[in-house]
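Colleague:
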Amino acid sequence: MKDTALFRRDVAALGLLLNAVLSAVSVMLAPAFPSGAAARLTAIDDGGAAAATSAALFVAAQLPLVAGVLGIAHLLRERSPALSNLGGSLGIVGTFGHAVFGGISLTYVVMASHPDDRAQYATLVDRIESTPIMLFAMLGLVGTVLGMLLLSIALFRTRVVPRWMPVVVWLFIVVEFVGTGLSDSASYLSAVLVVLAFGAIAREIHRTPRDAWSAPRLRQPSSV
Numbered sequence: 004m005k006d007t008a009l010f011r012r013d014v015a016a017l018g019l020l021l022n023a024v025l026s027a028v029s030v031m032l033a034p035a036f037p038s039g040a041a042a043r044l045t046a047i048d049d050g051g052a053a054a055a056t057s058a059a060l061f062v063a064a065q066l067p068l069v070a071g072v073l074g075i076a077h078l079l080r081e082r083s084p085a086l087s088n089l090g091g092s093l094g095i096v097g098t099f100g101h102a103v104f105g106g107i108s109l110t111y112v113v114m115a116s117h118p119d120d121r122a123q124y125a126t127l128v129d130r131i132e133s134t135p136i137m138l139f140a141m142l143g144l145v146g147t148v149l150g151m152l153l154l155s156i157a158l159f160r161t162r163v164v165p166r167w168m169p170v171v172v173w174l175f176i177v178v179e180f181v182g183t184g185l186s187d188s189a190s191y192l193s194a195v196l197v198v199l200a201f202g203a204i205a206r207e208i209h210r211t212p213r214d215a216w217s218a219p220r221l222r223q224p225s226s227v
C-alpha cells in the first residue's frame, strides 16, 4: 500500500456508501412489524427469505458505518474538533449498540421458522426484551441519533461539504426516528434520504485532496 492517507479516505467514503445502500435494501425487504412478539414472529415467518435478508443486512451495515463515521470525524478534525470527537464517539457507540441488538434480532428469524413452537418463542422474546439487553438497543438509538446530529451540525457550521447535505441528514433523523412511528411508509422515505445524504457526503470525502485528508505531521523534538 503506497499511500495510506488515500486508502483511509476511500475506505471512509466507501463505508458511508455501503451503509446507505445496505440500510436502504434492508428497509425495502423488511416486513411490517405489528405489536406483540407472536405477531412479529409471524410477520418474519411470512416474510421468508426477504425478512431474513433484511435482518442480516441491518447487521452488516453497521461495520462500514464505523469507517464512515470515523471519516466524517476526520474531515472535521481541524475546523470543529469538539463536535468531531464527541459526534464521532457517539456514532461508534451507536453502531455497536445496533450491531449487538441486530445480532439478537437474527435469533428471532430462527425462532420464526418454527411455527409449532411460536407461543414458547414469543414468551422468550418478551423475556429478552424485558432484560438489560435492551440497553444495547438504547445505545444504538441514542448513539446514532446524537452522533449523526452533532456531526451534521459540524458539517453545516464548517461548510466542509455543501450545506444541503447536513440538512438532508436532519430530515433523515426526523423521518427515521419519528416518522416511522407514525407511518410505515416513512421507512421508504428515510431509505431515500440516507442514500442521498450519505452518498453525497461520501462523494465529497472521496474528492478531498490528499493533503487536506492526511493528518498533520507531528513536530519533531529538537535535539539538544
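Just add 3 to the spot in the sequence shown (first one is 1) and you have our numbering. We put the CB at the ideal spot given by N, CA and C, even for glycine.
Counting Cβ pairs, one atom from each stretch, are 3 or more of them under 8 angstroms apart for the region 97-108 and the region 56-66?
Modeller: Yes, the region 97-108 touches the region 56-66.
Colleague: Relative to the alpha-carbon of ILE136, which residue among SER92, PHE99, PRO169, SER29 has its alpha-carbon at the smallest distance?
Modeller: Residue PHE99 is the option with its Cα nearest to ILE136.
Colleague: Under 8 angstroms by Cβ, that's how I've got ALA33 and ALA54 pegged, so tell me the actual separation to the nearest angstrom.
Modeller: About 7 angstroms separates the two Cβ atoms, so the contact holds.
Colleague: Where GLY91 and LEU154 are concerned, what is the direct C-alpha to C-alpha distance, given to the nearest angstrom?
Modeller: Approximately 7 angstroms, taken between the alpha carbons.
Colleague: Does DSSP put ALA46 in a helix, in a strand, or in coil?
Modeller: Correct three-state label for ALA46: helix.
Colleague: As an exercise, report each continuous alpha helix (DSSP H) stretch of at least 4 residues that is fully enclosed by the region 41-126, in chain order.
Modeller: Those alpha helix (DSSP H) runs which fall completely within the region 41-126 and span 4+ residues are 65-78, 84-115.
Colleague: Does chain B have any CB closer than 8 angstroms to the CB of VAL148?
Modeller: Chain labels in this structure do not include chain B; a single protein chain is all it has.
Colleague: Can you have a look at MET114 and say buried or exposed, based on whether 16 or more other CB atoms are within 10 angstroms of its CB?
Modeller: Flag for MET114 reads buried.
Colleague: TRP216 to ALA27, Cα distance in whole Å?
Modeller: So the alpha carbons of these two residues sit roughly 28 angstroms apart.
Colleague: Which residue marks the beginning of the alpha helix (DSSP H) containing PHE36, and which one marks its end?
Modeller: Looking at the DSSP string, PHE36 is not in any alpha helix (DSSP H), and its letter there is neither H nor E.
Colleague: Over the uninterrupted alpha helix (DSSP H) stretch that includes GLU207, give me the two end residues.
Modeller: From DSSP, the alpha helix (DSSP H) with GLU207 extends over 189-209.
Colleague: Could you have a look at ILE131 and say whether DSSP puts it in helix, strand or coil?
Modeller: It is helical.
Colleague: Can you tell which of LEU19, ALA85, VAL30, ALA76 has its C-alpha closest to the C-alpha of ALA194?
Modeller: Of the candidates LEU19, ALA85, VAL30, ALA76, the one whose C-alpha sits nearest the C-alpha of ALA194 is VAL30.
Colleague: Tell me the DSSP secondary structure of ARG162 in three-state form.
Modeller: ARG162: coil per DSSP, three-state reduction.
Colleague: Label PHE175 either buried or exposed according to how many other C-beta atoms from any shown protein chain fall within 10 Å of its C-beta, with 16 as the threshold for buried.
Modeller: That one is buried.
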